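2 protein chains.
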Amino acid sequence: MPNPTAAMLVIGDEILSGRTRDANTHHLAGKLSEAGIDLREARVVGDVEEVIVAAIRALSGAYDHVFTSGGIGPTHDDITADCVAIALNVRIGVRDDARALLQAHYDRTGIVLNEARLRMARIPEGASLIENPVSAAPGFTIGNVHVLAGVPQIFEAMLLGLLPRLTGGAPLQSRSLRVERGEGDIASPLRALAETYPDLSIGSYPFNQNGVFGSNVVLRGPDAARLDDALARLTEIVGPQ
Amino acid sequence: MPNPTAAMLVIGDEILSGRTRDANTHHLAGKLSEAGIDLREARVVGDVEEVIVAAIRALSGAYDHVFTSGGIGPTHDDITADCVAIALNVRIGVRDDARALLQAHYDRTGIVLNEARLRMARIPEGASLIENPVSAAPGFTIGNVHVLAGVPQIFEAMLLGLLPRLTGGAPLQSRSLRVERGEGDIASPLRALAETYPDLSIGSYPFNQNGVFGSNVVLRGPDAARLDDALARLTEIVGPQ
Chain A
1 MPNPTAAMLV IGDEILSGRT RDANTHHLAG KLSEAGIDLR EARVVGDVEE VIVAAIRALS
61 GAYDHVFTSG GIGPTHDDIT ADCVAIALNV RIGVRDDARA LLQAHYDRTG IVLNEARLRM
121 ARIPEGASLI ENPVSAAPGF TIGNVHVLAG VPQIFEAMLL GLLPRLTGGA PLQSRSLRVE
181 RGEGDIASPL RALAETYPDL SIGSYPFNQN GVFGSNVVLR GPDAARLDDA LARLTEIVGP
241 Q
Chain B
1 MPNPTAAMLV IGDEILSGRT RDANTHHLAG KLSEAGIDLR EARVVGDVEE VIVAAIRALS
61 GAYDHVFTSG GIGPTHDDIT ADCVAIALNV RIGVRDDARA LLQAHYDRTG IVLNEARLRM
121 ARIPEGASLI ENPVSAAPGF TIGNVHVLAG VPQIFEAMLL GLLPRLTGGA PLQSRSLRVE
181 RGEGDIASPL RALAETYPDL SIGSYPFNQN GVFGSNVVLR GPDAARLDDA LARLTEIVGP
241 Q
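Line by line, the protein sequences are chains A and B.
FYI, the UniProt record's numbering numbers position 175 of the first sequence as 175, with every residue one higher than the one before it.
FYI, the UniProt record's numbering numbers position 149 of the second sequence as 149, with every residue one higher than the one before it.
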């Protein structure tokens, strides 16, 4: 059975303006690789309703899972939950269990659960909550869309709780070989290797580290024996390093 | 007049697998902000022809500019140029001026311009080249699509040359000098040069080719006479090569 597929949707003007560098896509990519879910696409969009709605529709139709990051705080530009509801054509409102989570958190910390904070309890109908062990305001899953916070620490904590609920296929394994030769010199043998092992994904990633040029060749696939076999062949082909 | 709009398309399996963290989107976002161009969307896709083609079509239809990053090296998984040609429905082939740039670069460095490396001279019909002062293999602009390298150092150098063409600013010109000495030896004279020529951008890009260590020093600025002057001074400072 092929691995499930996934897309990431990062929501936030601050990423596109260059003010903040997105860290969540890279984190998600690593975690999904380990879990045997293939991240196929990532998008970053701004805080604009029609753009977010269109992206959620496109991605949730094309992939098994969509993860979103950002836009679930208390301010006026936090519109992710509403956009998900529009995209999936369901109603949205403050939900009692989400409100209770916020109330308990703010009671503990002596902060007032005002109208703005209460926005964070707006959950589309039919969603299940994703725990936020850092700051209480929950994420949620509805259909194949998983809505997570943008703050990396919270995004990561939410993902940790969510991932075991998703069905992963066989985790991808990888083998890599550091080759201290120009990419152009190994391009032709790599092409031949890719043809011999069509079931593996073979990539070449050039580096220039401390004045040493070369390439890291990475083999990926679900089958360890095939990978070992291909790595041995690769080592033979490009010579001892 | 509203600012022009732009999208970024990052191409490469290594980003989606979590192996590499994309740095180019954040860099582009900052530079476009300074230049008054609104980055509205970014996407990351894998090395899959139909996905890349669809993304280029969608983004080039929706925004004033599309920047791509990655997939223009010599290996079999470098398919960006071909995908751009398909997306824009133009022919593609090895172009003489691009080949000459590669030939000159490899002649200087004593490397053979083999068939794999020649792939980097494949340019869609009607494109204009984008200078690569680091490793010669050019990027290109066709229509509103700007095709740049994925290695951050090269992406940034290409963008530096490209941006003035898009914003109506004075186009930057460049001069470069190959210095066969360790970067640490020339760092102090380079700093002094940068202080003498504060109007120029001065970069150093280390190499190690066939056991020869050194650095390509690149000077950039709008004024040819200033550049020639600085190049003469640089040559004097670091000694004849």
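Yeah, the Cβ is synthetic: ideal placement off N, Cα and C, and Gly gets one too.
As the structure is a computational prediction, the values presented were derived from the model and not from experiment.
The alpha carbon of residue 25 of chain B has as its nearest neighbour, out of B:99, B:7 and B:106, the alpha carbon of B:7. Residue pairing from DSSP places residue 173 of chain B in a beta bridge opposite B:221. Taking a Cβ-Cβ threshold of 9 Å, the residues of chain B close to residue 42 of chain A are 10, 15, 16, 22, 42, 43, 44 and 45, in chain order. Under a criterion of Cβ atoms nearer than 9 Å, the residues of chain A adjacent to residue 111 of chain B are, in order, 182, 184 and 185. Contact between the stretch 63 to 82 of chain B and the stretch 67 to 78 of chain A is absent: fewer than 3 CB-CB pairs across the two stretches fall below 8 Å. Within 8 Å of the CB of residue 117 of chain A, no CB atom of chain B is found; the nearest one sits about 30 Å away.
Excluding five sequence positions before and after residue 117 of chain A, the CB atoms of its chain that fall closer than 6 Å to its own CB belong to 74, given in chain order. Per DSSP, reduced to three states, the secondary structure at residue 152 of chain B is helical.
Taking a beta-carbon distance threshold of 9 Å, residue 28 of chain A counts as an interface residue toward chain B. Listed along the chain, the chain B residues whose CB falls inside 7 Å of the CB of residue 194 of chain A are 76.
If you look at residue 68 of chain B, you'll find it in the beta strand (DSSP E) that goes 65 to 69. For residue 82 of chain B, no Cβ of chain A is located within less than 9 Å of the residue's own Cβ.
Counting along the chain, the unbroken beta strand (DSSP E) around residue 128 of chain A starts and ends at 128 to 130. Looking only at B:207, B:9, B:236 and B:194, the smallest Cα-Cα distance to residue 221 of chain B is reached by B:194. The bridge partners DSSP lists for residue 26 of chain B come to none. Its chain contains 3 and 5 as the residues whose beta carbon lies nearer than 6 Å to that of residue 38 of chain A, once the 5 sequence neighbours on both sides are disregarded; these appear in chain order. Residue environment analysis places residue 111 of chain A among the exposed positions, since fewer than 16 neighbouring C-beta atoms fall within 10 angstroms of its C-beta.
Close partners of residue 19 of chain B in chain A (Cβ separation under 7 Å): 218.
Proximity of chain B to residue 203 of chain A at the Cβ level (cut-off 7 Å) is accounted for by 13, 14 and 77, in chain order. Comparing alpha-carbon positions, the option among A:176, A:162 and A:124 lying closest to residue 201 of chain A turns out to be A:176. Within chain B, the C-beta atoms nearer than 7 Å to that of residue 191 of chain A come from 76, in chain order. Any Cβ of chain B closer than 9 Å to the Cβ of residue 208 of chain A would place that residue at the interface, and such an atom is present. The three-state reading of DSSP puts residue 125 of chain B in coil, since its state is none of H, G, I, E or B.
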